[in-house]
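Residue numbers (full-length UniProt numbering): 1 to 228.
Taking it in order: structure first as structure tokens, then the write-up.
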Ligand SMILES: C[S@@+](CC[C@H](N)C(=O)[O-])C[C@H]1O[C@@H](n2cnc3c(N)ncnc32)[C@H](O)[C@@H]1O
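See the structure below:
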């Protein structure tokens with residue numbers, strides 16, 4: 001179980017990086033709320049050092065900048081209400097704030113991740129929930145745009161989480177998601193985006209591919225949809 005990942009106090013950040021990478025590769029197809037909370041609560045205090053410095057995680061930066069370009073293209077102002085779904089330590093919110101956005105809500109399953117977000121000072125509101133369970137009815141059509149970077153993957157947020165995020169966005173608003181290309185195709189997320197296009201829930205309006213998504217060599221992509 002996940003708690004075996006980091007039990008020893010003597011593990012270096014390199015050891016944790018190796019163990020985490022193995023967990024990310026081998027983990028089951030779905031995870032319980034408790035397991036996800038445990039894994040991400042554990043990582044919250046050293047996520048940036050581990051994921052960015054040691055493991056080469058770039059998605060937050062490329063994704064935020066791609067999202068900004070899409071919002072500007074569609075004429076959204078910097079004051080729009082944005083949901084950062086799976087906000088982690090707040091890397092996306094911080095970059096969006098640097099780009100001028102002022103009304104961002106952080107959502108995450110991990111309480112400790114949300115504490116890190118609070119410390120960044122770039123979010124207005126915070127919401128702790130499991131996107132695989134919570135239907136977010138309180139946020140129905142509440143946001144102008146949603147960004148979800150690095151959450152649609154094996155054993156994190158399941159494909160139906162896209163419908164939940166879609167329901168939070170006003171008609172004409174944007175939803176930006178990212179994924180490792182391999183995971184996107186293998187765990188039903190690609191099929192869900194296509195089903196939602198086919199059913200008229202949203203329209204695919206933008207895509208950016210990258211070879212630099214993770215560890216400087218794993219390919220991924222960013223997609224934007226406009227809610228219909
Ligand atoms: C890989 S991190 C990405 C964090 C941030 N978006 C970034 O770009 O650095 C995934 C985040 O999603 C959160 N998460 C994972 N599964 C979730 C779920 N089912 N519901 C809500 N948040 C979830 C984790 O706690 C973690 O903070």
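All C-beta atoms, glycine included, are put in the ideal place defined by N, C-alpha and C.
No experiment lies behind these values; they were computed from the predicted model shown.
Asked	Found
Bridge partner(s) assigned by DSSP for residue 175	146 and 225
C-beta contact flag for residue 136 and residue 102 at 8 Å	no
Expected contact under 8 Å - CB spacing of residue 133 and residue 86 to nearest Å	Wrong, their Cβ atoms sit about 14 Å apart, outside the cutoff.
Distance, residue 46 Cα to residue 144 Cα	31 Å
Residue 203 (DSSP reduced to helix, strand or coil)	strand
Assumed close pair residue 90, residue 120 - CB separation to whole angstroms, cut-off 8 Å	4 Å
Beta-carbon contacts of residue 187 that lie in its chain and below 6 Å, excluding the five residues immediately before and after	154
Extent of the continuous alpha helix (DSSP H) to which residue 164 belongs	161-167
Given residue 114 as reference, the closest of 166, 84, 139 and 99 once Cα atoms are compared	84
Near ligand 1: residue 218 beta-carbon under 7 Å from a heavy atom	no
In DSSP terms, what residue 210 is bridged to	220
Nearest residue (CA-CA) to residue 44, options 193, 118 and 95	118
Coarse secondary structure for residue 10, derived from DSSP in three states	coil
Span separating the alpha-carbon of residue 168 from that of residue 203	16 Å
Rounded C-alpha distance that separates residue 127 from residue 105	8 Å
Beta-carbon gap between residue 174 and residue 71 smaller than 8 Å	yes
Contact set for residue 184: own chain, Cβ-Cβ below 6 Å, skip 5 residues either direction	190
Residue 107 versus 146, 99 and 98, residue with shortest Cα-Cα distance	146
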